[in-house]
DNA sequence: AAGGCGCGTTGATCTGCGTCAAGGCGCACT
DNA sequence: AGTGCGCCTTGACGCAGATCAACGCGCCTT
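Protein chains in written order, with this note's numbering: chain S, 1434 to 1684; chain U, 1434 to 1684.
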C-alpha cells in the first residue's frame, strides 16, 4: 500500500465512525451506484461518505429543502411523498437497500422523504459527490441510468393511478414488491411488506379501507396468504400479474 | 474551410433535404439540447440529422419498439401514452417544440407516441447520437437534465392522478399548458389547446364528459374564456393556480 | 340546401370507491 | 392478568365521477 492510499485510509476512519466501515464489505456494494467504481475510486468515495441512521417515522428530507446531502440506502425502506395543503398525500415511490436518494442535478428535493421502519444511510455531501460525478463519466452515466429507471417506474405508476381499478392497483403493488425487493432479479413469492396499509393506500391513490378490502378479497380467492402482519406469500404470482395488467375478469 | 468541413457540409445537404436546412437558423435552436453545443459541434450534429413529418393521428413510435431513432420536436405536439389490454389509455406526457423524444439509455421506448396535429421532427440515429453523447460530456449532462425535468413533472402528475379532484385536475392542466407552451418562462394567458377533450381526459385520468363539465364550470365562474375551439384565455391565472394546488374551496 | 360525420356539451342514472363508524387483534405497558 | 393504544378489518351509507343517451354545432361532401 502506497502513501496515497494510507492518507485516504486515515480520512476514511475519521469521517465514518459508524458500522461496517469499509466499502469493500458493504452489503449494497453491488446494488448501489458504487458498483461501477474501481477499488481506488471506491476508496476516494469512501473518504467523503459517512453513515447515518433514521428511526421509524423520522423525516429524512423536507420538500423544497435545499440539498446538502444525498445518500445510498444501506438498509430499511424510505417513502417519498408529496402533500397538498389540506393534507392529502401521494407517495411517489419507495426506496429500498441499494437505491439512491437525492437529486444530482438540482439544488432541491421536490418531495418529502420519511423512514418506514429504521433506515441506515450512506451519506455524501452533494457538492463533493458532484465533483466525483464531473470527474468520472461512468459514475454520471450510472446516476443517469438510475434516473431513467425511476422515470420508467413513475410512468408505469401514472397508468396505474389514472386508469386501473382498486383490485388491479393492489395486485400491481404486490407484483412490484416481489420484483423489486427480491435479492436479484428473481421475484420472490414470500415478501416483506414493511409499510402500513395507509402508506400502501397513499401509494395507490386509494383509501386504507379499500386496500384492506382488496387484500381480504385476494386472501379469499387464495392468491395470497398472510403468515403474519407485514409478511405476505404470493401463491400465484402469474395470476396476480394478469390482474395487475388488467387482462383478467376482476375489475 | 478544410476538407473535413466540406465533407460534413456535403453530408448535411444529402441527409437533410427538408425545410430550414441549417441548424443555425433552427427555430428550436435555443430551446432544444442543441443549445449547449458549440458551432462546430452543431455542424457535426447536423451531419447526422434529418427531418421528418408526421400527420395528425399518425403513430410515431409503438410501445416496446426497438429504438433506432430519437428526435427533437421542431413543431407540433406529440402525446406519449400507455395502454391496458382492454383499451384504457393513460397519456403520460405531451411534447412540444424544443422537447426531446426518445430514451438515450435504453434500447426501447416504454410508451406509444402519436402526433396531435401535424408534427415536424429533427431525427437522429440513436447510435450516432449516443456516440456524440459519449464524446461530449456537456451533451450528456444536458440530456440528463432533460430526464430529470421529465421525472419531476411525472412525480407532480402522480400527485394529480392519485389525489386531486376533477376540478383541480382541469385547472392544473391549463396552468401546466400556460407554463410550458409559452415562448420563454413567462406563462401565457392566451393559450392554444391543440389536443382533444378526450386526450385531456386521458391525461387527467378522467372521462371526456367530466372534463367538458369542468371546463363549462370554469367558463361560468369566469376564470376562463374560449374565443374558439382549441383556444383558451385564462382570465385569472392566479385563481386557477390556487384551485390547481388544492388550496381553494372548490373540490 | 341537405345530409353525414366528428367532436363537444348536457342531462339522467348508476356505481366503485370514499366516508363514517364500530369493533377486533396484537402488543407494550403496569 | 388487565388496560390502553396502534393498526387493521368490516359494515352501512353517500357521493364524485363514470356510464348511457340525446342533441348541438361546425365543416365537408354532394
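Even for Gly, the Cβ is constructed at its ideal location relative to N, Cα and C.
The residue among 1479/S, 1471/S, 1498/S and 1645/S with its C-alpha nearest the C-alpha of residue 1456/S is 1479/S. The secondary-structure analysis by DSSP pairs residue 1508/S across a beta bridge with 1553/S.
Contacts with chain S (Cβ-Cβ distance below 8 Å) from the stretch 1496-1510 of chain U involve no residue at all. At a beta-carbon threshold of 8 Å, none of the residues of chain S lie near residue 1600/U; the nearest stands roughly 13 Å away. In the structure shown, the three-state DSSP call for residue 1629/U is coil. The shortest CA-to-CA distance from residue 1552/U to any of 1596/U, 1578/U, 1623/U and 1505/U is the one to 1505/U. If you check the CB distance, residue 1599/U and residue 1639/U come in under 8 Å.
Within chain S, the residues whose beta carbon sits less than 9 Å from that of residue 1517/U are 1592, 1596, 1597, 1601, 1678, 1679 and 1680, listed in sequence order.
For residue 1605/U, no chain S residue has a C-beta closer than 9 Å to its own C-beta; the minimum C-beta separation is roughly 11 Å.
For residue 1585/S, the C-beta contacts it makes with chain U under 7 Å involve 1543, in order along the chain. For residue 1660/U, the enclosing beta strand (DSSP E) starts and ends at 1657-1661. Nearest in C-alpha terms to residue 1503/U, of all of 1576/U, 1536/U and 1611/U, is 1536/U.
Contacts with chain S at 8 Å (Cβ-Cβ) do not include residue 1631/U. Taking C-beta separations shorter than 7 Å and ignoring five residues to either side along the sequence, the partners of residue 1474/S in its chain run 1569, following chain order. DSSP places residue 1523/S inside the beta strand (DSSP E), whose first and last residues are 1522-1528. With contacts defined by Cβ atoms closer than 8 Å, residue 1528/U and residue 1544/U do not form a contacting pair. Of the residues 1669/S, 1461/S, 1597/S and 1571/S, the one whose Cα lies closest to the Cα of residue 1611/S is 1669/S. Looking from the CA of residue 1604/S, the closest CA among 1596/S, 1549/S, 1660/S and 1647/S belongs to 1647/S.
Per DSSP, residue 1538/U lies in no alpha helix (DSSP H) segment and is marked neither H nor E. Only residues of its own chain outside the window of five on either side were considered, and among them 1593 and 1637 have a CB closer than 6 Å to the CB of residue 1602/S, listed in chain order.
For residue 1555/S against residue 1663/S, the beta-carbon gap comes to about 25 Å, at or over 8 Å, which does not count as contact. Within chain S, no residue has its beta carbon less than 7 Å from that of residue 1546/U; the closest one is some 12 Å off.
Taking residue 1550/S as reference, the option from 1659/S, 1651/S and 1508/S with the minimal CA-CA separation is 1508/S. Residue 1590/U holds the alpha-carbon nearest to the alpha-carbon of residue 1525/U among 1590/U, 1679/U and 1673/U. Residues of chain U whose Cβ lies closer than 7 Å to the Cβ of residue 1525/S are, in chain order, 1588 and 1591. For residue 1483/S, the enclosing beta strand (DSSP E) covers residues 1482-1487. Listed in chain order, the non-local C-beta contacts of residue 1566/S below 6 Å within the same chain comprise 1572 and 1573, local neighbours out to five positions each way being set aside. Identification of chain U residues near residue 1580/S by a Cβ-Cβ cut-off of 8 Å yields 1577, 1580, 1581 and 1584, ordered along the chain. By the neighbour-count criterion, in which a residue is buried when 16 or more other Cβ atoms sit within 10 angstroms of its Cβ, residue 1608/S is buried.
Beta-bridge annotation (DSSP): residue 1499/U is paired with 1541/U. For residue 1643/U, the CB contacts under 6 Å within the same chain, skipping 5 residues up- and downstream, are 1599 in chain order.
One finds nothing in chain U with a Cβ atom closer than 7 Å to the Cβ of residue 1645/S; even the nearest lies about 18 Å away. For residue 1491/S, there is no enclosing alpha helix (DSSP H), as DSSP gives it neither H nor E. In this structure, residue 1624/S sits away from residue 1606/S, with a CB-CB distance that is not shorter than 8 Å. Across the stretch 1526-1541 of chain S, CB contacts with chain U closer than 9 Å involve 1526, 1536, 1537, 1538 and 1539, in sequence order along the chain. The criterion of a C-beta distance shorter than 8 Å is not satisfied by residue 1614/U and residue 1531/U.
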